[in-house]
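Trainee:
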Amino acid sequence: MTAEAKPLSELRVLVPRGGTWGNLVATALREQGAHTVIAPLVDFAPTSEEERLIEVLKLLESGHYDWMTATSATVVDVLAHHNAVIHPNTRVAAVGEATIQAFSDAGYQVSRTPSDENHTTAGLLEVWPEIDTGEVLRVLTLRSDVAKPVLTSGLIDRGHDVTQVVAFRTIGVPASAHIREDVESGRINALLVASARIGREVAAQFPKLPPETIVACVGPHTHMEAVAAGLRHSPSHQNSAAKRALIETVESAIDQSDMLD
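At position 131 of the sequence shown (counting the first as 1) the number is 131 in the UniProt record's numbering, and the numbers step up by one without a gap.
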């Protein structure tokens with residue numbers, strides 16, 4: 001397929017998250033012809049459980065836990081921020097392509113992941129034989145302030161000793177003056193909205209979008225929350241081929257579980 005024939009060849013897309021997530025998404029978009037600009041509009045910050053987090057990270061390094069779970073690539077950033085490491089005897093169970101890739105890039109082996117047919121937190125519980133042997137396992141679950149504790153509930157229901165810590169929360173990051181200028185002028189002519197939190201940032205930071213700018217919200221919940229936050233875009237793009245191709249490309253590269261902040 002030539003560059004001219006690719007479905008996203010006329011788009012310069014703002015990718016609103018960095019790290020492993022941003023790189024995976026940007027690569028997929030470029031393969032479809034898009035020019036990408038990675039400009040994180042969200043980042044992670046400590047929560048009220050920071051002291052408890054430091055305590056459990058020390059236990060993690062000591063090998064206290066049999067397993068740890070993660071459903072966000074940001075967990076790897078949290079480990080790096082605290083200079084924490086996972087003991088070699090502690091195995092990792094993870095959900096989400098970006099999450100799995102982030103652990104791999106950091107040098108950690110992921111021992112359990114969901115199947116391709118059901119790549120969700122509930123799906124992980126279905127293909128995790130060690131949790132159904134009758135042995136009580138010590139499991140550390142690190143998650144964001146917006147993630148639903150599906151894994152925690154499933155493990156507790158099976159009788160395991162689960163330590164759950166809200167390890168980070170998501171905060172907005174102001175775009176640079178250069179990025180704002182490119183968006184407002186239309187030089188960046190497509191915005192990717194991959195979560196409700198990002199939708200709120202896009203609505204607040206770019207209140208006057210050019211009519212030709214495509215705003216692609218991944219998932220109905222994200223779209224609903226973004227509109228509620230005041231995000232507006234041209235109705236003419238609702239069923240455009242470019243917008244559909246943009247969303248489909250992102251969904252092919254990133255699991256739904258990776259869309260949460």
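Backbone N, C-alpha and C define an ideal beta-carbon position, used for all residues, glycine too.
What separation, rounded to the nearest whole angstrom, lies between the Cα atoms of glycine 186 and arginine 169?
Mentor: Distance between the alpha carbons of glycine 186 and arginine 169 is about 31 Å.
Trainee: Just reading off the beta strand (DSSP E) that alanine 203 is part of, what are its end residues?
Mentor: Where alanine 203 is concerned, there is no enclosing beta strand (DSSP E), although the alpha helix (DSSP H) it sits in stretches over 196-205.
Trainee: For valine 80, which of helix, strand or coil comes out of DSSP?
Mentor: For the record, residue 80 in the displayed sequence is alanine; it is not valine. Of the three classes helix, strand and coil, the one that applies to alanine 80 here is helix, per DSSP.
Trainee: Indicate whether the contact test is met: 3 or more Cβ pairs, each with one atom in the region 163-181 and one in the region 134-146, closer than 8 Å.
Mentor: The region 163-181 is in contact with the region 134-146.
Trainee: Could you tell me whether the Cβ atoms of alanine 204 and leucine 11 are closer together than 8 Å?
Mentor: No, these two residues do not count as a Cβ contact at 8 Å.
Trainee: Buried or exposed for valine 136, going by 16 or more other Cβ atoms inside 10 Å?
Mentor: Exposed: under 16 other Cβ atoms inside 10 Å.
Trainee: Of all the options Asp66, Pro210, Ala102, which has the alpha carbon lying nearest to the alpha carbon of threonine 90?
Mentor: The shortest C-alpha separation from threonine 90 is found at Asp66.
Trainee: If you run the structure through DSSP and keep just helix, strand and coil, what is tryptophan 21?
Mentor: Tryptophan 21 falls in the helix class under three-state DSSP.
Trainee: Can you say whether alanine 196 is buried or exposed, counting buried as having 16 or more other CB atoms within 10 angstroms of its CB?
Mentor: Its Cβ being crowded by 16 or more others within 10 Å, alanine 196 is buried.
Trainee: Under a three-way DSSP split, which group does alanine 3 fall into?
Mentor: Its pLDDT being 46, under 50, alanine 3 is placed unreliably by the model, and nothing is read from it.
Trainee: Residues in its own chain within less than 7 Å of valine 61 by CB, not counting five upstream and five downstream?
Mentor: The residue you asked about is not valine; residue 61 is glutamate in the sequence shown. Excluding sequence neighbours, glutamate 61 sits near Ala84, Val85, His87.
Trainee: Between the region 36-43 and the region 174-190, can you find at least three pairs of beta-carbon atoms closer than 8 Å?
Mentor: Result yes; three or more Cβ-Cβ pairs closer than 8 Å.
Trainee: Does DSSP classify glutamine 109 as helix, strand or coil?
Mentor: Of the three classes helix, strand and coil, the one that applies to glutamine 109 here is coil, per DSSP.
Trainee: Rounding to the nearest angstrom, what Cα-Cα distance links isoleucine 100 and alanine 5 in this structure?
Mentor: In a straight line, the C-alpha of isoleucine 100 is about 32 Å away from that of alanine 5.
Trainee: Determine the direct distance from the alpha carbon of glycine 63 to that of threonine 213, and round the result to whole angstroms.
Mentor: Going from the Cα of threonine 213 to the Cα of glycine 63 covers about 51 Å.
Trainee: Check for me: the beta strand (DSSP E) holding aspartate 161 runs from which residue to which?
Mentor: From DSSP, the beta strand (DSSP E) with aspartate 161 extends over 161-172.
Trainee: Near glycine 134, which residues of its chain fall below 6 Å by C-beta distance, leaving aside the five closest residues on each side in sequence?
Mentor: So the list is empty, once near-sequence residues are dropped.
Trainee: Looking at valine 76 and alanine 102, is the spacing between their C-beta atoms short of 8 Å?
Mentor: In this structure, valine 76 lies closer than 8 Å to alanine 102 by Cβ.
Trainee: My assumption, with CB atoms under 8 Å, is that alanine 106 sits in contact with threonine 69. Please give the rounded CB distance.
Mentor: 16 Å between Cβ atoms; not a contact.
Trainee: Alpha carbon to alpha carbon, how far is aspartate 182 from cysteine 217?
Mentor: The straight-line gap from Cα to Cα measures roughly 20 Å.
Trainee: Assign histidine 87 to one of three DSSP states: helix, strand, or coil.
Mentor: Histidine 87 falls in the coil class under three-state DSSP.
Trainee: Would you kindly report the start and end of the unbroken beta strand (DSSP E) that includes valine 218?
Mentor: Counting along the chain, valine 218 falls outside any beta strand (DSSP E), and DSSP gives it neither H nor E.
Trainee: When the Cα atoms are used, what is the spatial distance from histidine 223 to glutamate 49?
Mentor: Histidine 223 and glutamate 49: Cα-Cα distance of roughly 31 Å.
Trainee: Quick check: valine 193 and aspartate 161, are their CB atoms within less than 8 Å of each other?
Mentor: It is not a contact, given that the beta carbons lie outside the stated cut-off.
Trainee: Quick one: residues in its chain with C-beta nearer than 7 Å to the C-beta of tyrosine 108, no 5 flanking neighbours on either side, listed in chain order?
Mentor: Once the five neighbours on either side are set aside, the close Cβ partners of tyrosine 108 are Ile86, Val92.
Trainee: So is histidine 233 buried or exposed if we call it buried at 16+ other beta carbons inside 10 Å?
Mentor: Per the 10 Å Cβ criterion, buried.
Trainee: What is the DSSP secondary structure of alanine 93, counted as helix, strand or coil?
Mentor: If DSSP states are grouped into helix, strand and coil, alanine 93 belongs with the strands.
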